[in-house]
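Note sheet for the following structure.
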Amino acid sequence: MASSSKDRESFVYVAKLAEQAERYDEMVEEMKKVAKLDGALTVEERNLLSVGYKNVVGARRASWRILSSLEQKEESKGNEANVKRIKEYRHKVESELSTICSDIMTLMDEHLIPSCDMESSVFYYKMKGDYYRYLAEFQTGNEKKEIADQSLKAYQTALTTAESDLAPTHPIRLGLALNFSVFYYEIMNSPERACHLAKQAFDEAISELDTLSEESYKDSTLIMQLLRDNLTLWTSDIPEDGGGSCGVGSIEGKNIVDGACIDETVFYFTIALSIKLPCNLLLIFSPIVSPEGTWQGDLRKHHIQSSELVVSSPATSAGVTSLFSNSSLISSERSQHDNTVIHGAIL
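Going by full-length UniProt numbering, the first residue of the sequence shown is number 1, and it counts up by one from there.
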C-alpha cells in the first residue's frame with residue numbers, strides 16, 4: 001500500500017511536469033497509470049486526466065479541421081492529386097483520433113466509472129459524451145448516426161444524475177449543459193434543442209444563484225457566460241416559427257439574500273454582473289438609517305460597477321435613493337452601525 005501511494009504521488013507529479021512542459025501525450029500516460037491504481041481519482045487527479053486528454057485530442061481535432069479545409073480548396077481547384085494526398089493524411093489523423101477516444105472510454109468504463117461517486121459519475125459520462133461527439137465529427141452515414149446515439153446516451157445519463165444530485169450552479173452540471181447543447185447544435189443539427197437545453201440550464205442557475213459557492217463561482221459564471229453567448233449566436237439559426245424565442249431569461253425581482261451581511265449580498269450581485277446581466281441592486285438595512293447616512297462606507301471596499309444601486313431601510317423605503325449611476329463608485333465614511341442587510345433583491 002505504501003509503495004502504491006508513492007507510485008501514485010510520483011505519477012501525479014510527473015503528469016504535472018508534463019503539463020507545464022506542454023508534453024500532453026506523456027501527461028496522459030502518467031494519468032493512465034494513476035487511473036489504473038486502486039481507488040477513485042481525487043478531484044485534482046480527475047482534472048489532470050481531463051486536461052491531458054483534452055489537449056491530446058484537441059491538437060488532432062484542430063489538425064483535422066485544417067486538413068478538411070485544405071481538401072475542400074483543392075477540390076474546388078480540381079487538383080485531384082493533392083486531394084488524394086490530403087485525404088490520406090486526414091485519414092491518418094482520424095485514426096489517431098479514434099485511438100485516443102477509444103483509449104479514454106475504455107479507461108473510464110473499466111477503471112473510473114465503477115468506483116466513482118455521483119459527482120464523478122456526471123463528470124465521466126459527460127466525458128464519454130464529449131469523446132463520442134469528437135468521433136462523430138469526422139464520421140458519415142450510419143457510422144455517424146451510431147456514434148451520435150452513443151454520445152446522446154452518455155450525455156443523457158450524465159444529465160439525469162446531475163439534475164438529481166448537483167445544484168444548477170455546479171460547474172460540472174453547467175459544463176455538461178454547455179457541451180450537450182453543442183452536441184445538439186453541431187452533431188444533431190438541431191438549434192432548437194440546443195437553445196432549449198442551454199436556456200434551461202442558464203435560467204435554472206440564475207434562479208438558484210444563492211447556492212453558488214465562492215470557491216466555484218468563477219468557473220460557474222464563465223460557463224454561464226458561454227451558455228449566454230451560444231444562445232445569442234444560435235438564435236439567428238432558428239426559424240421564426242421554430243418554437244419561440246430562446247433568449248436568456250431575466251432575474252428581475254429575484255430575492256437573493258435575507259439576513260445576510262453586506263459582503264455576501266454584494267458577492268451575489270457581483271456574480272450577476274460577471275455574466276453581464278443588466279440589473280440593479282436593492283438593499284434594505286437594519287437598524288434604520290437615513291438614505292444619506294453612514295452605511296455607504298460598508299460598500300466602499302467593493303469595486304462594483306453597475307447601472308444603479310439603491311439602498312433603503314424599512315422606515316425610509318418610500319424615499320429610496322439612487323447612490324450611483326454610470327459606473328461611478330460610492331465613497332464616504334465607514335458606518336458606525338452594524339448594518340445587516342435584511343433583504344436584497346436584483347431589480
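From the three backbone atoms N, C-alpha and C, an ideal C-beta is built for every residue, glycine too.
Just so we're clear, the structure is a prediction, and the values are computed from it rather than from any experiment.
Can you list, in chain order, the residues of its chain with a C-beta nearer than 8 Å to that of residue i? Leave out the 5 residues immediately preceding and following it.
i	result
Tyr134	Val57, Arg61, Leu97, Cys101
Leu197	Ala177, Phe180, Ser181, Tyr184
So, using beta-carbon positions, are residue i and residue j closer together than 9 Å?
i	j	result
residue 351	Tyr131	The structure shown has nothing for residue 351, since the chain only spans 1 to 347.
Thr169	Leu209	yes
Pro171	Ser220	yes
Ile187	Glu137	yes
Asn47	Met27	no
Gln150	Lys126	no
Lys32	Asp7	no
residue 389	Leu227	Summary: the structure shown does not reach residue 389, with the chain confined to residues 1 through 347, and so no result is reported for it.
Leu70	Cys116	no
Pro12	Glu29	It is Val, not Pro, that sits at residue 12 in the sequence shown. In this structure, Glu29 does not lie closer than 9 Å to Val12 by Cβ.
Quick one: residues in its chain with C-beta nearer than 6 Å to the C-beta of residue i, no 5 flanking neighbours on either side, listed in chain order?
i	result
Pro314	Its pLDDT being 38, under 50, Pro314 is placed unreliably by the model, and the measurement read from it follows with that caveat. Cβ neighbours of Pro314 beyond the five flanking positions: none.
Arg173	Ala162, Leu166
Asp237	Pro191
His111	Ala35, Lys36
Ala18	Glu26, Met27
Ala81	none
Lys144	Ala136
Leaving out the 5 sequence neighbours to the left and right, which residues in its chain are closer than 7 Å to residue i when beta-carbon positions are compared?
i	result
Tyr89	Leu67
residue 353	Any question about residue 353 goes unanswered here, given that the chain covers just 1 to 347.
Ala154	Tyr125, Lys128, Gly129, Tyr132
Ser164	none
Am I right that residue i and residue j are in contact with their C-beta atoms under 8 Å? What's the rounded C-beta distance?
i	j	result
residue 349	Leu49	This structure gives no information on residue 349, because the portion of the chain shown stretches from 1 to 347.
Ile147	Gln139	6 Å
Val83	Glu94	About 16 Å; that fails the 8 Å criterion.
Cys195	Thr160	Contact flag wrong, Cβ pair sits at about 21 Å.
Gly52	Ala15	7 Å
In chain order, what are the residue ranges of uninterrupted alpha helix (DSSP H) at least 4 long that sit wholly in the region 142–211? 171–182, 191–207
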